[in-house]
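The block underneath contains the structure these notes are about, expressed in structure tokens.
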Amino acid sequence: MFLCLPFRTGSALKWIRFHVPEWAVRGGEVMLTCQFDLAQDRLYSVKWYKAGREFYRFVPADKPPKQDFPFNGVTVDKERSNAQEVALRGVTLDTAGRYKCEVLTEAPLFKTLVKSSTLMVYELPDGGPQVKGGQEQYRTGEVVNLTCEAPKSIPATTLTWYINDQQAPQDYLVEYRPHPDSEGRVASRLGLRFNAQEWHFPDGRLALRCSASLHPLYREDAHHEGVVAPRSPLSLGHDASGCCSPDPVNVMVMVVVSLLLALTTLTTRH
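In structure tokens:
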């Protein structure tokens, strides 16, 4: 979250910039920003809280001025922290939560600025999605049946199927119930099932794509291609050896003609 707040009439103390990132990656770092303008006032303290629990303070009159109070999920990098910025290292799932900055000036006015925002923690998948099932060739009317699977993540990745670069209709999708592990990680899974039709094969090809995303940090695709299966040789009027097979109508005509000729011959002899 980013805020640039205007000066409030009658108060010299004002915000310049308050920023708590919307997200962080597990194992990474976070920089929290609480920039302010004291004008003619003197700073008494800056304090940071997570879910109401103080974890860092900066008091110019104290020796040393910086103090941290680490707890599960919140570890301050004091070397990189000061009155207007706090660095957190070793982000875990417990780092997620609501963070508040409180700025207080000295007596006699004790002017105060308070602002808060929420941080989410993501655990990214350790690879891209995979497409399972499917065939190299499809006949018209044949069932196309595939499953897309993405590795575990927090939160679960969003899977989307595309057919020839067009998002697949909802009634083509097969949804599976997620099963989080002990740490809350979820492996995403989404099926695709439909009957192949001629319009699915522009230029004789069927292009399927599964897109896995975890906005705005992660996006990977997996692909599957199929082609129209050649028609059966017999369906084209050829036998399996490649020779032309007789047309059934022509065969019937030939049989009738042969019978008539045979009857004519017998009649002539008698």
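Numbering follows the working numbering, with no gaps: position 146 of the sequence shown is 157. No residue lacks a Cβ here, since even glycine has one placed at the ideal position from N, Cα and C. Just so you know, these numbers come straight off a predicted model, no measurement behind them.
>> Using the three-state DSSP reduction, which class does LEU135 fall into: helix, strand or coil?
In response: Here the question's residue 135 lines up with position 124 in the sequence shown. In this structure, LEU135 counts as coil in the three-state DSSP scheme.
>> On the CB-based measure, 16 or more other CB atoms within 10 Å of its CB, does ALA62 come out buried or exposed?
In response: Walking along the sequence shown from the start, residue 62 turns up at place 51. With fewer than 16 Cβ atoms within 10 Å of its Cβ, ALA62 is classed as exposed.
>> Classify ILE27: buried if its beta carbon has 16 or more other beta carbons within 10 angstroms, exposed otherwise.
In response: In the sequence shown, counting from the first residue as 1, residue 27 sits at position 16. Label assigned to ILE27: exposed.
> With DSSP run on the structure shown, which of helix, strand or coil describes TRP26?
Replying inline: Along the sequence shown, read from residue 1 onward, the residue named residue 26 stands at position 15. In the structure shown, TRP26 sits in a strand (DSSP, three-state: E or B).
>> Using 8 Å for Cβ pairs, my map puts PHE205 next to VAL155. What's the rounded Cβ distance?
In response: Taking the first residue of the sequence shown as position 1, residue 205 is located at position 194. Taking the first residue of the sequence shown as position 1, residue 155 is located at position 144. That pair is a contact at about 6 Å.
>> Taking 7 Å as the limit between beta carbons, can you name the residues of its chain near ASP192, skipping five residues before and five after?
In response: Reading the sequence shown from its first residue, position 181 is the one you call residue 192. So the list reads LYS163, once near-sequence residues are dropped.
> With TYR133 and VAL36 assumed to form a contact (beta carbons below 8 Å), what rounded beta-carbon distance in angstroms separates them?
Replying inline: Indexing the sequence shown from 1 puts residue 133 at position 122. Indexing the sequence shown from 1 puts residue 36 at position 25. Sure, about 6 Å apart at Cβ, within 8 Å.
> In this structure, does DSSP put LEU49 in helix, strand or coil?
Replying inline: The residue you call residue 49 lines up with position 38 of the sequence shown. Of the three classes helix, strand and coil, the one that applies to LEU49 here is coil, per DSSP.
> Out of curiosity, what's the CA-to-CA distance linking GLY290 and LEU104?
Replying inline: A query on residue 290 cannot be resolved here, the shown segment of the chain reaching from 12 to 281 and no further.
> Do you know how far the Cα of GLU33 is from the Cα of PRO227?
Replying inline: Along the sequence shown, one-based indexing puts residue 227 at 216. Along the sequence shown, one-based indexing puts residue 33 at 22. So the alpha carbons of these two residues sit roughly 10 Å apart.
> Can you pull the DSSP bridge partners for PHE69?
Replying inline: Here residue 69 refers to the residue found at position 58 when the sequence shown is read from its first residue. Beta-bridge pairing links PHE69 to VAL57 and LYS77.
> Where PRO76 and ILE165 are concerned, what is the direct C-alpha to C-alpha distance, given to the nearest angstrom?
Replying inline: As a working mapping, residue 76 is identified with position 65 in the sequence shown. As a working mapping, residue 165 is identified with position 154 in the sequence shown. Straight-line Cα distance between these residues: approximately 37 Å.
> Along the chain, which unbroken stretches of the beta strand (DSSP E) at least 3 residues long are found entirely within the region 146-208?
Replying inline: For the region 146-208, whole beta strand (DSSP E) runs of length 3 or above, ordered along the chain, are 154-164, 169-174, 184-186 and 197-206.
> Since SER128 sits in a beta bridge, which residues does DSSP pair it with?
Replying inline: Residue 128 sits at position 117 when you count from the first residue of the sequence shown. Partner(s): TYR110.
>> I want to know whether the region 168-176 touches the region 113-129 - three or more CB-CB distances under 8 Å.
In response: no
> So, helix, strand or coil for LEU115, using DSSP?
Replying inline: By one-based count along the sequence shown, residue 115 stands at place 104. It is a strand residue.
> Going by other Cβ atoms of all chains shown within 10 Å of its Cβ, with 16 needed for buried, is TYR60 buried or exposed?
Replying inline: In the sequence shown, counting from the first residue as 1, residue 60 sits at position 49. TYR60 should be labelled buried.
> What is the rounded straight-line gap between the Cα of TYR183 and the Cα of LEU203?
Replying inline: Within the sequence shown, the letter at position 172 stands for residue 183. Within the sequence shown, the letter at position 192 stands for residue 203. Each residue's Cα considered, the two are about 6 Å apart.
> Opposite HIS226 in the DSSP bridges: which residues?
Replying inline: In the sequence shown, counting from the first residue as 1, residue 226 sits at position 215. Answer is none; HIS226 lacks a bridge partner.
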